[in-house]
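Numbering (our numbering), first residue to last: 443 to 630.
Here it is, written out as structure tokens:
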């Protein structure tokens with residue numbers, strides 16, 4: 443297995459529509475000034491989160507149960523920023539839609555800008571032949587409210603290419619999160 447470079451990422455995005463929309467360069471500014479960077483980096487791709495957020499709230503004294511998940515545990519927000527309460531979390535989704543090749547595994551890590559603010563970005567690996575918007579979980583580990591910016595960089599994905607094809611891909615298994623769009627809650 444090898445980690446893939448910016449040249450490989452650009453080729454796969456352009457020829458195989460692996461990332462859509464795709465930014466071939468690292469973007470650090472927009473019309474309103476400096477932003478948290480997104481786009482192609484040396485050995486990865488910095489993704490953005492969309493404007494749709496689900497902020498966890500415990501006003502109903504809910505129990506977080508992955509087998510019986512209640513949508514009533516969240517407040518929906520559509521905004522350019524998301525304020526996460528102290529010691530809480532929010533869900534969002536990537537602006538980018540991914541189509542992972544059969545011989546590639548993708549690992550997602552948080553950006554240092556957010557990590558230095560006590561915000562953890564949690565995403566499970568993107569398996570071979572998975573496709574969809576990435577559901578992102580932002581944990582605010584601080585005792586203060588934390589701000590997430592939509593349409594700016596929030597995490598970096600790293601592409602690991604195997605020298606052989608997997609026997610069974612996510613698509614072959616008919617994975618329950620295949621083709622997800624928007625924020626996708628747990629499916630039991």
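Don't be surprised by glycine CBs; every beta carbon is placed ideally from N, CA and C.
Which of the three DSSP states is assigned to residue 482 in this structure?
Sequence index remark: in the chain shown, residue 482 carries index 40 (1-based). For residue 482, the secondary structure class from DSSP, reduced to helix, strand or coil, is strand.
DSSP beta-bridge partners for residue 608?
Taking the first residue of the chain shown as position 1, residue 608 is located at position 166. In DSSP, residue 608 forms no bridge with anything.
Alpha carbon of residue 574 to alpha carbon of residue 551, nearest angstrom:
Within the chain shown, residue 574 is the residue found at index 132, counting from 1. Within the chain shown, residue 551 is the residue found at index 109, counting from 1. Between the C-alpha atoms of residue 574 and residue 551 there is a straight-line separation of about 18 Å.
Looking only at its own chain, which residues have a Cβ that is under 6 Å from the Cβ of residue 460, when we skip the five neighbours before and after it?
As a position in the chain shown, residue 460 is number 18, starting the count at 1. The answer, listed in chain order, is 454, 541.
For residue 440, does the count of other Cβ atoms within 10 angstroms reach 16, so buried, or fall short, so exposed?
Shown here, the chain extends from 443 to 630; a query on residue 440 therefore has no answer.
Where DSSP assigns a beta bridge to residue 524, which residues make up the other side?
Along the chain shown, one-based indexing puts residue 524 at 82. Under DSSP, residue 524 takes part in a beta bridge, and its partners are 590.
Which residues in the same chain as residue 633 place their Cβ atom closer than 6 Å to its Cβ, once the five residues preceding and following it in sequence are excluded?
Any answer about residue 633 is impossible in this case: the structure gives the chain only from 443 up to 630.
DSSP state of residue 577, grouped into three classes?
Counting from one through the chain shown, the residue named residue 577 turns up at place 135. The answer is strand: DSSP assigns residue 577 an E or B state.
Counting only the same chain and skipping the five closest in sequence on each side, list residues whose C-beta sits under 6 Å from that of residue 572.
Here residue 572 corresponds to residue number 130 of the chain shown, with the count starting at 1. Residues of the same chain with a CB within less than 6 Å of the CB of residue 572, apart from the 5 flanking positions on each side, are 542, 612 in chain order.
Leaving aside the five residues before and after residue 530 along the sequence, list all residues of the same chain whose C-beta is less than 6 Å from its C-beta, in chain order.
Stepping through the chain shown from its first residue, residue 530 is reached at position 88. Excluding sequence neighbours, residue 530 sits near 498, 582.
Which of helix, strand or coil DSSP assigns to residue 471:
Taking the first residue of the chain shown as position 1, residue 471 is located at position 29. The three-state reading of DSSP puts residue 471 in strand, counting E and B together.
Our contact map puts residue 675 next to residue 448 with C-beta atoms below 8 Å; I'd like the distance itself, whole angstroms only.
Since the first residue shown for the chain is 443 and the last is 630, residue 675 is missing from the structure and cannot be characterised.
What span of residues does the beta strand (DSSP E) with residue 494 cover, start to end?
For the purposes of this step, residue 494 is taken as residue 52 along the chain shown, with counting starting at 1. Per DSSP, residue 494 belongs to the beta strand (DSSP E) from 494-498.
Chain C contact for residue 567 (CB, 8 Å cutoff):
The structure shown contains no chain C; it holds only a single protein chain.
By the DSSP assignment, the alpha helix (DSSP H) with residue 456 in it spans what residues?
Taking the first residue of the chain shown as 1, we reach residue 456 at position 14. In the DSSP assignment, residue 456 falls within the alpha helix (DSSP H) that extends over 448-458.
Out of 544, 492, 538, 528, which one is the CA nearest neighbour of residue 519?
Here residue 519 is taken as the residue at index 77 of the chain shown, counted from 1. Per the Cα distances, 492.
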